[in-house]
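In my numbering, each number is its position in the sequence shown, counted from 1, plus 4. Backbone N, C-alpha and C define an ideal beta-carbon position, used for all residues, glycine too. Taking it in order: structure first as structure tokens, then the write-up.
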Amino acid sequence: MVTTVPESTTATWQIDAAHSVVEFAVKHMMFATAKGRFGQFSGDINFDPANIAGSGVNVEIDVKSIDTRDEKRDGHLLSADFFDAGAFPTITFKSTRVEPTSDNAFKVHGDLTIHGITREAVLDAELTGQGKNPWGQEVIGFSATTKFKRSAFGLEWNAALETGGVLVGDEVKIAIEIEASKQA
């Protein structure tokens, strides 16, 4: 009896930062939401639609590319009070496993490293489409969200409010939109 092994349909996709977004949101003064994004990041995705569990992703974010639309706040976030960008210039995510949840949705488990501290993170991800751009390049799209406690990564700076509570919330919500190009 001869068994044939199905051909792998895994492809490597390079993240196109010009057409992708990594955003975050955190509570400010306990009731408002402050948002920001990182402008410089790179990474690749190994994706096999026939075997989603065999897929993976590696991403590196340049901390100094933070943009909250407030130069003073950005400077504070880059300081030792928060990211300490001089000592810890990157945020990384390296998947450890991918768990399919439906046809186009999956959970991406991985190691998230911020401020030199690595913790497990789980992204709720979705394949949003695939096709060719006007220049003939094959591209793919993904969306993902997650949340975590910033204190788990040593980002504990805060200020007490006179009315009670704190200036900066502990829970950080992440929203990611990725477009990636197929590599040869």
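Measure the C-alpha to C-alpha separation of residue i and residue j and round it to an integer number of angstroms.
| i | j | result |
| --- | --- | --- |
| Phe-42 | Gly-158 | 19 Å |
| Val-26 | Gly-168 | 31 Å |
| Leu-82 | Asp-88 | 5 Å |
| Asp-78 | Ser-155 | 19 Å |
| Val-170 | Gln-187 | 46 Å |
| Phe-110 | Pro-53 | 11 Å |
If the criterion is Cβ atoms closer than 7 Å, does the pair residue i and residue j meet it?
| i | j | result |
| --- | --- | --- |
| Thr-150 | Leu-127 | yes |
| Glu-183 | Ser-24 | yes |
| Ser-222 | Glu-181 | Not covered by the structure: residue 222. The range shown for the chain is 5 to 188. |
| Leu-116 | Ala-129 | no |
Does DSSP put residue i in a helix, a strand or coil?
| i | result |
| --- | --- |
| His-32 | strand |
| Glu-27 | strand |
| Ala-22 | helix |
Here's the rule I'm using: 16 or more other beta-carbon atoms within 10 Å means buried, otherwise exposed. How should residue i be labelled?
| i | result |
| --- | --- |
| Gly-173 | buried |
| Ala-165 | The amino acid occupying residue 165 in the given sequence is Leu; Ala does not appear at that position. It counts as exposed. |
| Ile-118 | buried |
| Val-9 | At Val-9 the pLDDT is 36, less than 50, meaning the model places this residue with poor confidence; the figure from the coordinates comes in the next sentence. Counting Cβ neighbours within 10 Å, Val-9 comes out exposed, since fewer than 16 surround it. |
| Gly-60 | buried |
| Trp-139 | exposed |
Checklist entry - Does the segment 90–101 come close enough to the segment 48–67 to have 3 or more Cβ pairs within less than 8 Å? => result Under the Cβ criterion (8 Å, minimum of three pairs), the segment 90–101 counts as touching the segment 48–67.
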